[in-house]
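*Asks:* Mind looking over this structure? Questions follow.
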Amino acid sequence: MLALLLAACATSPTGRRQLMLVDEDMAIKQSALAYTSMLEPYKKK
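Shown next, in the form of structure tokens:
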């Protein structure tokens, strides 16, 4: 368990230490997908 927590620690671009439970690329892809699905009902036909 401790090894998992240590492996998930990362340093942000601002120099702060943070716990990364999800890969950065995966988080970006998922947020882009959520954003487009949120806008879908508002698209003009």
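Offset between the sequence shown (1-based) and the working numbering: plus 22.
All C-beta atoms, glycine included, are put in the ideal place defined by N, C-alpha and C.
1. Between which two residues does the beta strand (DSSP E) holding L43 run?
2. State the Cα-Cα distance for the pair Q40 and K51, rounded to the nearest angstrom.
3. Quick check on the DSSP output: the beta strand (DSSP E) that includes T36 runs from which residue to which?
4. Output the distance between the C-alpha atoms of D47 and K66, rounded to the nearest integer angstrom.
5. DSSP three-state label for K66, please.
*Replies:* Looking at the coordinates:
1. Boundaries cannot be given for L43, as no beta strand (DSSP E) includes it and DSSP labels it neither H nor E.
2. Near 20 Å, if we compare the C-alpha coordinates of K51 and Q40.
3. Counting along the chain, T36 falls outside any beta strand (DSSP E), and DSSP gives it neither H nor E.
4. Looking at the two C-alpha atoms, the distance is approximately 30 Å.
5. Three-state result, K66: coil.
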